[in-house]
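These notes are about the structure you will find just below.
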Amino acid sequence: MSSSHDAIRGPSPARRNSGRPLTVAVTGLSVAAALAPGLPVISALRSEPEFAGGRIIGFAYDPLDPPAYDGSLVDACYLFPYPMYGAARLLERIEHVHRQHPLDVIIPTLDSELPGYIEVAPRLRELGIGVVLPPAAAFDLRSKAELPRVAEVTGIKVPRSRAAHSMGMAVTLASELNLPLMVKGNLHGATLIGSLDQLPAAVEHHAAKWGYPVVLQEFVRGTEYDVVALGDRQGRLVGAVPMKKLQLDDRGKAWGGITVDDPELLAAARRAVEKLGWRGPLELELMRDDNTDEPYLIELNPRFPAWLNLAVAAGQNLPWALVKLALGEDVPPFAGYRAGTMQLRRCVDVTCSLGVYESLVTRGEVDLRRPDPSWIEPHFVSTLPSEEAADRDEEPRS
Amino acid sequence: MAHPQANPSVGRFARARLLSTLELRPSGFLFDVRTAESYTVNPTGACLVKALQQGVAPGALWQKLVAAFEVGELEAQRDAIRFLEDLLHLGLLRGSGDDARATAATSPAKQEGTEP
């Protein structure tokens, strides 16, 4: 490979050799209950000058996912079946989209959909659609129940934990651990318990939502740091940015953060990617023990986190790097990032077209580049007394 | 063939009218501009909604189905009644017999128990 990237620069990556715009599909567009990573991924791609003119296709699960209504974010949006409906349905839907909007790359952003994408990945490659996904064995290790195995493979410390496959098992295993405990759902959620009589309710809550196993993990009292990382197709670290949460929502999710200069956290990310042979995005959730200052890995998430734009602002556009990896390009590691970059999340209300909603609920798809002139539009309702309304023949200024 | 007007199932819809606040789109999107509730109807449902909006009597809806689709009269009558029941269940019909009976049951004059 030439060391002079300028000398071998070809056509802008935003346009394929065929002249067709680079087209990337992004999943996880929910904003309502919790911000899913899809919108941050889209924002990161749209902020990349090399992506100018590129197209983004949204894969949504809900017709009220806000990015589906914003032509500055997505060019088209399709409703997809939930992961529980299986890989065959997923592939069928992707092929439908691909026939209408030939896709170059898909970026799945939700834990629950990754097994399906891993399963259909060979077929996606046959279709010419690039994906960068962890090997199945590495993906299985990211499960909360496998954290002790991650510690063995990577050398990163983890709190003592046990995976319970039933309530009875949870009661037995909890007595082997020190209180307080984090009771964790298989995919999401965690409850801190300070006594064993709180255990059954916590286990039942998470088992009802995500099934078994439920993971019992010794609580590490300390400060949480998260690291977003990206592995290339050979399982080498391309980029990593650590941050500390500044604000939390009521679920403990980061609502604000600041990047930190912490070589130990970067080393943990490197070990995680390289020892696991991880391909694609990854998030490490670590707690620095108040007493020992040692970092403990408490969770490994197999996708970009929702706070990922902090990494972009700090100088590492990891979603764009992922796109280039998915296109088969060699991506050199990022040289670094800016520590002390701060980010706070805000919510904004965005006016949307009811016609887009109409299209999504009736057809399961919408092309924002081709709005239908027959789409339903808001109609004017006069608030004046009828005699005054008759004298006024124009709508008031908004 | 039973005459639809003699069918007690359709009789209770005799005075029913579709909410005037419903707007039906060519896509089958049915939108209530007052409540912002929305529904999706298939082509046969759209045919029936349009007919109701045009003032076709509930008892005669089945004839619209027969005219527009390849369906027998009996099946069309059953489908029309089922559709009216769905509309009633969703609160999109006013003035049906069910509404009248519900009102009567709560009336003080009926508290002697002569009505269920």
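Protein chains in written order, with this note's numbering: chain B, 18 to 415; chain D, 44 to 159.
Glycine is no exception: its CB is placed at the ideal position from the N, C-alpha and C atoms.
Item: Compute the Euclidean distance between the alpha carbons of V188 (chain B) and L216 (chain B), then round it to the nearest angstrom.; Value: 7 angstroms
Item: Go through the stretch 177-264 of chain B residue by residue and report every complete run of the beta strand (DSSP E) that reaches 3 residues or more, in order.; Value: 178-181, 198-201, 207-210, 231-235 and 239-248
Item: Taking all protein chains shown into account, do 16 or more other C-beta atoms lie within 10 angstroms of the C-beta of G88 (chain B), making it buried, or fewer, making it exposed?; Value: exposed
Item: Does the Cβ of G274 (chain B) have 16 or more other Cβ atoms within 10 Å, making it buried, or fewer, making it exposed?; Value: buried
Item: Taking any Cβ of chain B, which residues in the stretch 64-94 of chain D have a Cβ under 8 angstroms from it, in chain order?; Value: E66, R68, P69, S70, G71, F72, F74, V76, S81 and T83
Item: Report the three-state DSSP secondary structure of W337 (chain B) (helix, strand or coil).; Value: helix
Item: Return the Cβ separation of S391 (chain B) and P69 (chain D) in integer angstroms, given the expectation that the two are a contact with Cβ distance under 8 angstroms.; Value: 6 angstroms
Item: Rounding to the nearest angstrom, what Cα-Cα distance links A100 (chain D) and A57 (chain D) in this structure?; Value: 7 angstroms
Item: Would you mind working out which of B:A406, B:P388 and B:R250 sits nearest A93 (chain B), comparing C-alpha positions?; Value: B:P388
Item: Between B:K161, B:G206, B:A162 and B:A224, which lies nearest to S183 (chain B) when the distance is taken from Cα to Cα?; Value: B:A224
Item: Could you spell out where the beta strand (DSSP E) holding Q360 (chain B) opens and where it closes?; Value: M359 to L361
Item: For F68 (chain B), which of helix, strand or coil comes out of DSSP?; Value: helix
Item: Would D379 (chain B) count as contacting chain D if we go by Cβ distances under 9 angstroms?; Value: At residue 379 (chain B) the sequence reads Thr, which differs from the Asp that was named. So yes, T379 (chain B) belongs to the interface.
Item: Please list the partners that S391 (chain B) has in chain D, where partner means a Cβ-to-Cβ separation under 9 angstroms.; Value: R68, P69 and S70
Item: Look at the alpha carbon of R169 (chain B) and the alpha carbon of L293 (chain B), and state the distance between them as a whole number of angstroms.; Value: What sits at residue 169 (chain B) in the sequence shown is Glu, not Arg. Straight-line Cα distance between these residues: approximately 11 angstroms.
Item: Distance cutoff 9 angstroms, beta carbons only. Does Y242 (chain B) sit that close to anything in chain D?; Value: no
Item: Indicate the three-state DSSP secondary structure (helix, strand or coil) for G133 (chain B) in the structure shown.; Value: helix
Item: May I ask you to report which of helix, strand or coil DSSP gives S81 (chain D)?; Value: strand
Item: Sorted by chain position, which residues of the same chain lie with C-beta nearer than 8 angstroms to Q360 (chain B)'s C-beta, five sequence neighbours on each side aside?; Value: G273, G274, I275, W324, N326, L327 and A330
Item: When you compare the CB of A406 (chain B) with every CB in chain D, is at least one pair closer than 9 angstroms?; Value: no
Item: Could you tell me which of B:S178, B:R287, B:P336 and B:R116 sits nearest to L62 (chain B), measuring between CA atoms?; Value: B:P336
Item: In angstroms, rounded to a whole number, what distance separates the CA positions of H222 (chain B) and L198 (chain B)?; Value: 15 angstroms
Item: Using a cut-off of 7 angstroms between C-beta atoms, extract the partners of E375 (chain B) located in chain D.; Value: R68, S70 and F72
Item: Could you pull the DSSP bridge partners for F397 (chain B) from this structure?; Value: Its beta-bridge partners do not exist; DSSP assigns none.
Item: Among B:L141, B:S178 and B:K201, which has the Cα closest to the Cα of S192 (chain B)?; Value: B:S178
Item: Is the stretch 227-235 of chain B close to the stretch 259-267 of chain B, with three or more CB pairs under 8 angstroms?; Value: no
Item: Leaving out five residues before and five after A45 (chain D) in sequence, what residues of the same chain have Cβ atoms less than 6 angstroms from its Cβ?; Value: Reliability of the predicted coordinates at A45 (chain D) is poor, the pLDDT of 45 falling under 50, and the value obtained from them is presented with this limitation in mind. So no residue of the chain qualifies.
Item: Counting only runs of 4+ residues fully inside the stretch 61-143 of chain D, write out the alpha helix (DSSP H) ranges in chain order.; Value: 86-96, 104-111 and 116-132
Item: Decide if V91 (chain B) is buried, meaning its Cβ has at least 16 other Cβ atoms within 10 Å, or exposed.; Value: buried
Item: Which two residues bound the contiguous beta strand (DSSP E) that contains V120 (chain B)?; Value: Residue identity check: residue 120 (chain B) is Leu in the sequence provided, not Val. Unbroken run through L120 (chain B): none, as it is neither H nor E.
Item: Between the stretch 108-126 of chain B and the stretch 400-408 of chain B, do at least 3 Cβ pairs fall closer than 8 angstroms?; Value: no
Item: Establish whether the CB of L39 (chain B) and some CB of chain D are separated by less than 9 angstroms.; Value: no
Item: For chain D, check one thing: does any of its Cβ atoms lie closer than 9 angstroms to the Cβ of L371 (chain B)?; Value: yes
Item: Nearest to V148 (chain B) by CA position, among B:N318, B:L120, B:A49 and B:L164, is which residue?; Value: B:L120
Item: Within a Cβ cutoff of 7 angstroms, which residues of the same chain sit near D157 (chain B), ignoring the five residues on either side of it in sequence?; Value: E163
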